[in-house]
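First comes the structure, then the notes that go with it.
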Amino acid sequence: MKDWIQHLSTEVIDQILENAFQWFVVVDRESKILYINEDYCHFLEVKREDAIGQHVADIIENTEMHIVMEKGEADIAAPHYIKGSYMLANRVPLVVEGEIVGAFGSVIFRDMTDWKRLSAHVKTTMERIEEKFSPTSHTLSRLEDIIGESASIRKLKETVRMIGPTKLPVVIEGETGTGKEMFAESIHRLSERSDASFVKVNCAVLPAELAEQELFEGTDSKLAQASGGTLYIEEVHALPIPLQAKLLRTITEIEQGVFATAGDVRFLFSSNRNLSKLVDDGLFREDLYYRIQSVYLKVPALRERMEDFSLLTRHFLHLIEQSEGRRGLKLDPKTVRHLVQYKWPGNVRELFNTLRAMVFMTEGTRLTTATIPMHIFQNVKAFSNQTGRLEDILSQTELQVLENTLAVYPDKTEAAKVLGVSRSTLYEKLKKYNL
Ligand SMILES: Nc1ncnc2c1ncn2[C@@H]1O[C@H](COP(=O)(O)OP(=O)(O)OP(=O)(O)O)[C@@H](O)[C@H]1O
């Protein structure tokens with residue numbers, strides 16, 4: 203490092219410090235200013251030549267450079283109040299041959315609004331990266347993006363092809379992560395309003411006190427944004443009953459062309475609850491239910507269409523390969539045997555997230571049972587729902603339990619302990635099953 207710096211002329215170092223878009227100050231062990239850049243002086247309204255040699259506290263209000271030196275510890279991203287506003291500063295002690303010889307300070311954000319702006323920028327950038335990472339990315343799904351050849355998925359796709367281009371409201375029911383949103387997006391893309399906006403609003407996360415305004419009121423409302431396009435109302439069952447009445451009125455007014463803030467809107471709804479049962483229980487307005495359910499799509503849970511499992515895993519492994527720069531990822535047959543026994547309460551979304559986690563658990567290409575997350579191991583379906591010879595069922599269960607345990611605990615002593623058997627019993631069983 204020293205050598206490299208020797209190659210830089212003082213003029214170059216000076217330019218770096220003056221143009222680094224930060225304010226710098228360097229003090230000696232007596233807290234006297236050795237260096238301060240011009241920009242900082244300009245802000246402090248002091249001439250540089252007057253500042254050099256002065257005690258830092260006389261030039262920079264509320265400075266803590268001397269404390270950093272006393273403690274010998276850096277203070278990173280510390281709020282610093284100067285001239286009526288908060289800034290963020292770094293203060294670092296300068297140590298030469300084990301001795302503190304001074305300190306170096308820099309103001310990294312001159313104004314907290316700068317910081318807030320950057321922080322918002324980082325947040326949106328991260329969200330964009332995450333969206334890109336998600337299997338569907340942020341472009342709206344098309345029907346072809348929905349993976350599945352099972353009879354139920356084929357039937358759903360067929361229905362969507364027929365009703366997509368119409369203006370009919372649609373209710374899409376199904377457990378979380380089954381692909382309801384993908385179907386909603388496909389319906390929009392099949393319609394003539396596909397160039398207009400697809401706006402979604404999730405009633406389950408909408409604060410009750412803001413829901414009315416957010417949904418219906420003014421030019422910023424979700425309804426106004428969806429004008430000419432599609433409004434996808436997710437988890438519609440979570441809409442408070444009084445707002446259900448307002449929604450019904452609004453749908454009618456929009457149809458009659460008399461709603462003030464929005465023109466033509468197509469409505470799609472989703473729910474992970476059975477709406478008809480909620481109507482029976484008095485928890486969802488019957489009139490609204492009959493108004494919106496002219497087309498009703500039920501997206502099956504993944505466990506009800508396990509024939510799609512291998513298509514889905516192949517598709518997701520391919521996506522993961524692309525995003526991670528990996529090749530040839532493959533599930534071990536034993537791993538598949540295990541995964542297909544799991545109930546997948548989070549459905550297709552859970553399958554994707556699980557595969558992604560499993561890929562991160564291995565550097566190779568084969569995803570063995572050892573990469574399966576623990577909670578899945580512990581929740582595989584028991585064999586109790588099988589029929590056949592009791593002896594066969596018991597052996598099969600024993601084999602499965604042994605395999606699962608050894609995958610998580612390859613150490614035989616530990617595995618025997620987990621299984622509550624002696625080491626010798628475990629060895630006998632391993633021999634019996636050729637493990
Ligand atoms: N058939 C499918 N083919 C490909 N990807 C799918 C399929 N079904 C779901 N996914 C993926 O699973 C994730 C969840 O899908 P989606 O958001 O459509 O589910 P959802 O039923 O609307 O979930 P929630 O009710 O929790 O909002 C998405 O990342 C989506 O890409």
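Take 203 as the starting number for the sequence shown in our numbering and just add one per residue. For every residue, glycine included, the Cβ atom is placed at its ideal position computed from N, Cα and C.
The C-alpha of L392 lies about 12 Å from the C-alpha of T361. Cβ-Cβ separation between I218 and I235: approximately 19 Å, too far for a contact (criterion under 8 Å). For F223, the number of other beta carbons within 10 angstroms of its own is below 16, and it is reported as exposed. Taking 7 Å as the cut-off, the beta carbon of S399 is found no closer than this to the beta carbon of E509. The beta carbon of R529 lies closer than 8 Å to those of E523, T567 in the same chain, with the five residues before and after it left out.
For the options S473, A428, N476, E437, the alpha carbon positioned closest to that of I453 is the one of A428. If you check the C-beta of R551 against ligand 1, you find a heavy atom less than 6 Å away. It is roughly 59 Å from the alpha-carbon of P367 to the alpha-carbon of D613. Per DSSP, the continuous alpha helix (DSSP H) segment holding M267 begins and ends at 267 to 273. Here V214 is exposed, its C-beta having fewer than 16 other C-beta atoms within 10 Å.
Fully contained in the stretch 539 to 626 are the following alpha helix (DSSP H) runs of length 4 or more, in chain order: 549 to 562, 576 to 579, 592 to 610, 614 to 621. Not one heavy atom of ligand 1 falls within 6 Å of the beta-carbon of T615. Judged by their CB atoms, G431 and R395 are nearer to each other than the 7 Å cut-off. Restricted to the stretch 473 to 538, the alpha helix (DSSP H) segments that are unbroken, complete and at least 4 residues in length are 477 to 482, 488 to 494, 511 to 526, listed in chain order. N549 counts as buried, since at least 16 other C-beta atoms from the protein chains shown sit within 10 angstroms of its C-beta.
For I302, the closest alpha carbon among the candidates R356, V228, A259 is that of V228.
Counting only the Cα atoms, S597 lies some 14 Å from L628. Counted as a single uninterrupted DSSP element, the beta strand (DSSP E) harbouring I238 occupies residues 235 to 238. Assigned with DSSP and collapsed to three states, Y629 falls in helix.
V309 and Y283 have their alpha carbons spaced roughly 11 Å apart. Bridge pairing for W206: absent [DSSP]. When DSSP states are grouped into helix, strand and coil, L408 belongs to the coil group. Within the DSSP bridge table, the entry for V303 names no partner. One thing to note: K424 has its Cβ within 7 Å of the Cβ of V401. Spanning the alpha carbons of I443 and L485 requires a straight line of approximately 8 Å.
Within the same chain, and ignoring the five residues on either side of G376 in sequence, the residues whose Cβ sits closer than 6 Å to its Cβ are K382, V501. If you draw a straight line from the Cα of I578 to the Cα of S496, it comes to about 38 Å. In this chain, the beta strand (DSSP E) harbouring I284 covers 277 to 284. Under the DSSP assignment, F226 falls outside any alpha helix (DSSP H), being part of the beta strand (DSSP E) whose first and last residues are 225 to 230. By the Cβ neighbour-count rule, W546 is buried, with 16 or more other Cβ atoms within 10 Å of its own. Cβ-Cβ distances below 7 Å link R250 to I238, E240, C243 in the same chain, with the five nearest sequence neighbours on each side left out; the list follows chain order.
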